[in-house]
Amino acid sequence: MDDLSARVRLFVYRRFIDGGRAPSPSEIGAAFGVVPLAVEKMLRRLQADDDALVLLPGSPYVWMAEPFSAVATSYLVRSSGHEWFGNCVWDGLGILALADHDGQVETWCPASGVPLRLDVRTRRLEPGTSVVHFAVPARRWWESIGYT
Amino acid sequence: MDTWSRATGEPRGALVTPERVWALAQRWYDDRLRLDWRRRSVPERQAILEDSGLTGSFWRLT
């Protein structure tokens, strides 16, 4: 990964943390003085060569910078005025760890619809009674990352 | 869990405590804000899973 790509990758993460969403190629281009087409190529390399991002299929737009999701999911993370979406419970907790924030991961039991919430306070997980289900074996996690 | 499995036709996976997932999340993502980040190798990722107590065939990455 070249230096500019590394800085763009970090910029994407910072925009997720600070602004709750992914930056567009145009925004990245404006921040780094690079034309959007060049940014789009860079994002595709970051996905294909470095496994650093996931783009929305058929587009140059960031879908995931794990643990963040740019699209609304069933894993809403809230923390002192911030809201993010994770790709799963693991990622929801990963967002709080990465952002170094206390907060909550809110989701729902997919079978019953019962709301579930995990709370992190003073960087510790509050005791609860829920369990986390990993549906896909680890060797298949990246076969279809959206499903995983 | 069984309701979910019947509704989706998917086999039951693995159940993990949130505490273990929290420990895993902290380790798994502790490098993402480094400028020199690179994707960890499979053995490195496997070691994090094992250190988090996730062992056995379900948790094998390859």
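Chains as they are written, first to last, in our numbering: chain A, 9 to 156; chain B, 331 to 392.
Ideal Cβ placement from N, Cα and C applies to all residues, glycine included.
In this text, all values refer to a predicted model and were calculated from it rather than measured experimentally.
Rounded to whole angstroms, the gap between the alpha carbons of S34/A and P44/A is 5 Å. Nearest Cα to W367/B within the set S13/A, A38/A, V113/A, A80/A: S13/A. L354/B is the residue among L354/B, V372/B, I378/B, A377/B whose C-alpha sits nearest the C-alpha of R132/A. The beta carbon of R375/B is closer than 7 Å to those of L391 in its chain, skipping five residues each way along the sequence.
Taking C-beta atoms under 8 Å as the contact rule, A78/A and R17/A fail to qualify, at a distance of about 14 Å. For G343/B, a Cβ of chain A is located within less than 9 Å of the residue's own Cβ. The criterion of a C-beta distance shorter than 9 Å is satisfied by L104/A and V128/A. Contact between M72/A and V85/A does not hold, since the beta-carbon distance rounds to 14 Å and is not under 8 Å.
Rounded to the nearest angstrom, the Cβ distance from E74/A to D99/A is 6 Å, consistent with a contact under 8 Å. With a threshold of 9 Å between beta carbons, R129/A makes no contact with chain B. Identification of chain A residues near E374/B by a Cβ-Cβ cut-off of 7 Å yields none; the smallest Cβ-Cβ distance measures about 13 Å. Taking C-beta atoms under 8 Å as the contact rule, A107/A and I25/A qualify, at a distance of about 5 Å.
Contact annotation: L124/A and C117/A have beta-carbon atoms nearer than 9 Å.
DSSP places V16/A inside the alpha helix (DSSP H), whose first and last residues are 11-27. Pairing S382/B with R357/B gives a Cβ-Cβ distance under 9 Å.
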